[in-house]
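*Asks:*
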Amino acid sequence: MNPASKPPELKTVPDPDALYPAAAEEFSRCAQGAIAQRGRFCVALSGGNTPRGVNASLATTQKNVLAWDKIYIFFGDERHVAPDDPESNYRMANETLLSQVPIPAANVFRVHAELVADAAAQQYEDQLRGFFRLSSGAWPRFDLIFLGLGDDGHTASLFPGSAALKETSRLVVANWVEKFHSYRITFTYPLLNHAAEIAFLVSGETKARILRDVLEPAGTVSYPAQLVRPMDGRLLWIIDQAAARSL
Ligand code: 6PG
């Protein structure tokens with residue numbers, strides 16, 4: 090573990106109905122801080138199901154609170170599908186949040202996952218480099234990245250045994266995921282670990298075992314989520330009691 094990285098912080102809440110507003114409040118806190126200090130908030134959303142409730146909570150409680158014109162939305166990963174596909178993380182975010190708040194369309198950077206996977210990843214990386222005005226070798230520093238935890242220990246689209254786990258120079262890659270027999274487009278560890286804050290959102294008893302194995306590793310098996318360690322940032326786990334029951 091990077092000596093500079095801080096130990097993870099756990100915030101345990103009773104149930105999903107408490108987790109969603111807790112995550113929305115964390116988004117709001119980070120957003121207001123970043124906007125006050127730097128005039129903008131750069132955040133990457135997670136995909137899957139848990140974020141649906143978080144996004145809905147954001148849309149209902151923060152719509153008229155946050156300066157959405159100063160918020161810039163990215164995606165930590167995306168399925169290799171068109172933006173209107175039911176599997177699309179962008180579609181989910183658009184339905185549950187982006188279409189519900191006054192965020193300019195130009196502030197939302199979706200992965201063009203309708204392209205050939207490698208081209209989609211390269212284009213997203215180029216977009217990141219341009220937006221953050223990165224010189225070569227530099228890394229974007231997101232103010233906040235939301236992540237989920239799969240029951241196999243994956244996060245974003247960094248799946249066990251997949252090639253992206255070894256990527257150290259790219260920001261974004263197309264990652265072949267054998268279990269789905271498809272590509273995913275994903276942030277890489279270096280990009281994730283340059284963030285100012287990473288917040289994992291984990292809910293439900295189906296995640297209890299993997300959460301224990303990730304947070305309290307007993308054996309030699311390691312999981313992709315364990316390698317997410319902001320080098321100079323905060324690592325926060327917002328979990329509900331069902332997910333925490335084996336800790
Ligand atoms: C995706 C996500 C993925 C997700 C986990 C957990 O595209 O599916 O990025 O990494 O966060 O699978 O999903 P849930 O929180 O819905 O269980």
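Quick note: to get our numbering, add 89 to the position in the sequence shown (first position is 1).
Here a beta-carbon is modelled for each residue, glycine too, at the ideal position from N, C-alpha and C.
1. Where does TYR312 sit, in a helix, a strand or coil, going by DSSP?
2. Using C-beta distances below 8 Å, list every residue in its chain close to GLN216, excluding the 5 sequence neighbours before and after it, in chain order.
3. I need the DSSP call for ASP166, collapsed to helix, strand or coil.
4. First and last residue of the beta strand (DSSP E) that includes ILE299?
5. Would you call the CB atoms of ALA245 and LYS296 closer than 8 Å?
6. Taking the alpha-carbon of GLN315 as reference, which of GLY293, SER292, TYR272, ILE287 has the nearest alpha-carbon?
7. Name the DSSP beta bridge partners of ALA288, please?
8. When the distance is taken between beta carbons, is LEU260 closer than 8 Å to GLU214?
9. Between the Cα of SER335 and the Cα atoms of ALA111, ALA227, SER292, which residue gives the shortest distance?
10. For PRO229 and GLN330, I'd like the C-alpha separation in whole angstroms.
11. Just grab the DSSP bridge partners of THR101 for me.
12. Could you round the C-beta distance between ALA202 and VAL170 to whole angstroms and report it? I think they count as a contact, below 8 Å.
13. Quick one: which unbroken beta strand (DSSP E) runs of 3-plus residues sit fully inside the region 111-168? Chain order, please.
14. Please look up how many angstroms separate the CB atoms of LEU236 and GLY122, rounded, as I've assumed it's under 8 Å.
15. Per DSSP, what kind of secondary structure is PHE221 in: helix, strand or coil?
16. In its own chain, which residues sit with a C-beta less than 8 Å from the C-beta of ARG180, not counting the 5 before and 5 after it?
17. Hey, would you say ILE162 sits closer than 8 Å to ILE192, going by beta carbons?
18. Helix or strand or just coil, what does DSSP make of LEU204?
19. Between PRO313 and PHE231, what straight-line distance do the alpha-carbon atoms span, to the nearest angstrom?
20. Just to confirm my understanding: we take GLY250, look at its own chain, exclude 5 residues before and 5 after, and list those with CB closer than 8 Å. What are they?
21. Roughly how many whole angstroms lie between the Cα atoms of ASP158 and GLU294?
22. Pick helix, strand or coil for MET90, following the three-state DSSP scheme.
23. Using three-state DSSP, classify ASN282 as helix, strand or coil.
24. For ALA182, report the span of its alpha helix (DSSP H) as first-last.
*Replies:* In short, the structure shows the following:
1. Under the three-state reduction of DSSP, TYR312 is assigned to coil, being neither helix nor strand.
2. PHE198, listed in sequence order.
3. In the structure shown, ASP166 sits in a strand (DSSP, three-state: E or B).
4. Not the beta strand (DSSP E): ILE299 falls in the alpha helix (DSSP H), residues 297-304.
5. For the 8 Å CB-CB criterion, ALA245 and LYS296 do not form a contact.
6. Of the listed residues, the one whose Cα sits closest to GLN315 is ILE287.
7. In the DSSP output, where bridge partners are listed per residue, ALA288 has PHE235, LEU325.
8. Between GLU214 and LEU260, the C-beta gap is smaller than 8 Å, which places the two residues in contact.
9. Among ALA111, ALA227, SER292, the Cα nearest to that of SER335 belongs to SER292.
10. Whole-angstrom Cα-Cα distance: 34 Å.
11. Answer is ILE328, bridged to THR101.
12. Going by Cβ atoms, the distance from ALA202 to VAL170 rounds to 6 Å, so yes, they are a contact pair.
13. As far as the region 111-168 is concerned, its whole beta strand (DSSP E) runs of at least 3 residues are 130-134, 160-164, 166-168.
14. In fact, because the Cβ distance is near 20 Å, the residues do not count as touching under 8 Å.
15. Three-state DSSP puts PHE221 in coil, outside helix and strand.
16. Only PRO172, ASP173, ASP174 meet the Cβ criterion.
17. For ILE162 and ILE192, yes; Cβs fall inside 8 Å.
18. When DSSP states are grouped into helix, strand and coil, LEU204 belongs to the coil group.
19. Spanning the two alpha carbons is a distance of roughly 20 Å.
20. Contacts found: GLU267.
21. Taking the straight line from one Cα to the other gives about 38 Å.
22. Per-residue confidence for MET90 stands at a pLDDT of 45, beneath the threshold of 50, marking its modelled position as unreliable; the derived number appears in the next sentence. It is coil, neither helix nor strand.
23. ASN282 falls in the coil class under three-state DSSP.
24. Segment 178-182, the alpha helix (DSSP H) holding ALA182.
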